[in-house]
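For the sequence shown, position 23 matches number 6 in our numbering, and the numbering has no gaps at all.
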Amino acid sequence: MEVSMITVKFFGLLNVDNNIKHLTVDDGKFKDVIEEIITKCPTITKKQLLSSVIFINKKQVASKKSLSITLNNGDEIAFISPSSGG
């Protein structure tokens, strides 16, 4: 039986602050993927993820609408933390 996995990539402060560039998680609903990311990387919060710019398969999605999206084997999510400046 083939394992269904999706790739999650982190950019910006999510990458720097948590020292993680990417990981793989089980496919399923986006909201379940969020919970799996938090379990695997406890330094990342749900708020950080949902306040990020989110791309699924290189298409930007609204974070509120993304929770109901079903992700399939081979899909890719990218979280880009909002920039900060001064």
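Here a beta-carbon is modelled for each residue, glycine too, at the ideal position from N, C-alpha and C.
Inspect the beta-carbon positions of residue 56 and residue 10 and report whether they are closer than 8 Å.
Cβ atoms of residue 56 and residue 10: closer than 8 Å.
Are the stretch 22 to 41 and the stretch -12 to 1 touching by the rule of at least three beta carbon pairs closer than 8 Å?
Yes, the stretch 22 to 41 is in contact with the stretch -12 to 1.
Report the option in 19, 53, 32 and 44 whose CA atom is closest to the CA atom of residue 65.
The candidate whose alpha carbon is nearest that of residue 65 is 32.
Put residue 60 into one of helix, strand or coil per three-state DSSP.
If DSSP states are grouped into helix, strand and coil, residue 60 belongs with the strands.
Residue 20 lies in the beta strand (DSSP E); which residues open and close that run?
Careful: residue 20 lies outside any beta strand (DSSP E), inside the alpha helix (DSSP H) at 13 to 23.
Helix, strand or coil for residue -8? Go by DSSP, reduced to three states.
Strand, per DSSP.
Mind checking residue 49: buried by the 16 CB within 10 Å criterion, or exposed?
By the neighbour-count rule (16 or more Cβ atoms within 10 Å), residue 49 is buried.
If you draw a straight line from the alpha carbon of residue 63 to that of residue 44, how long is it in whole angstroms?
Going from the Cα of residue 63 to the Cα of residue 44 covers about 12 Å.
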